[in-house]
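*Asks:* Here the working numbering is used: the first residue of the sequence shown is 1, the next is one more, and so on.
Quick reminder that beta carbons are idealized off the backbone N, C-alpha and C, glycines included.
Sharing a structure with you now.
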Amino acid sequence: MVGAGFLLAAIWKVLADVYNAPLASLVVAALLIGAGLIVMWRLPPKPVLPDPAQRQRAAGARSPLYTPTGQVPPLTEAFFFGLSVALDMRGRKR
């Protein structure tokens, strides 16, 4: 990185001596913008993250405290499921 900085300064110095400083600055800026665009084009796409509700459901499904079996009424099962997710999240924060 340091070598690239010295190379860039040398390019600017040569261009400023041959032409003028504003033109040298424009050429160096164009080089940097072009390099930045090439780097951004070559980067892999940003991963798509699930929303917080999906992450909580997935965490609750992995929770060892309670797994829904369907043997109790749905309201009771939902309460136990929510309780297990809350206890699991509380344990992770500490």
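(1) Which value, in whole angstroms, describes the spacing of the CA atoms of L26 and A9?
(2) Could you check what DSSP says for D51 in three-state terms: helix, strand or coil?
(3) Thinking C-alpha only, which one of V2, M89, W12 is nearest A58?
(4) Using the Cα positions of R94 and L37, report the straight-line distance between them to the nearest angstrom.
(5) When DSSP labels each residue in this structure, what does M1 get in the three-state scheme?
(6) If you reduce the DSSP assignment to three classes, tell me which class R94 lands in.
*Replies:* On the basis of the coordinates in this document:
(1) Numbered from 1 along the sequence shown, position 26 holds the residue referred to as residue 26. Numbered from 1 along the sequence shown, position 9 holds the residue referred to as residue 9. Computed Cα separation, rounded: 13 Å.
(2) Taking the first residue of the sequence shown as 1, we reach residue 51 at position 51. If DSSP states are grouped into helix, strand and coil, D51 belongs with coil.
(3) For this step, residue 58 is matched to residue 58 along the sequence shown. For the residues V2, M89, W12, the minimum Cα distance to A58 belongs to M89.
(4) On the sequence shown, position 94 is the one that residue 94 refers to. On the sequence shown, position 37 is the one that residue 37 refers to. Confidence at R94 is low in this model, with a pLDDT of 44, below 50, so its placement is unreliable and no value can be given for it.
(5) Within the sequence shown, numbered from 1, the residue matching residue 1 stands at position 1. Reduced to three states, the DSSP call for M1 is coil.
(6) Position 94 of the sequence shown, counting from 1, holds the residue named residue 94. Residue placement at R94 is flagged as unreliable, the pLDDT there being 44, under the threshold of 50; the coordinate-derived value follows with that caveat. R94: coil per DSSP, three-state reduction.
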